[in-house]
Amino acid sequence: MAKITTDELPESLQTLFIEVERTKTPLTIIHQGKPLAIIYPATTETKRSPCGVMKGTGEILGDIVAPVDEPWKVLE
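Using this note's numbering, read the sequence shown as starting at 9 and increasing by one per residue.
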């Protein structure tokens, strides 16, 4: 990915980028009536892994090891 510092950009773009960072909303750049690029604010947060998100929230009701009293109809 190409990188460029804001010092290399015109001042009007620097102002727009600062506004994107401040408001945390994306900026869509339009060229000839069509979206050309979308500038998103950079995030330093890392995405949480979905593994283990529900840890400790479940509750076991009854005996899960003992055989079933009656067979399930769906298994017949």
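We treat Cβ as the ideally placed atom computed from N, Cα and C, and that holds for glycine. Since we're looking at a predicted model, the values are computed, not measured.
Looking at C-beta atoms only, is the number of pairs between the segment 18 to 32 and the segment 43 to 54 that lie closer than 8 Å three or more? yes
At what residues does the beta strand (DSSP E) containing residue 37 begin and finish? 35 to 39
When you compare only the Cα positions, how much space is there between residue 67 and residue 33? 40 Å
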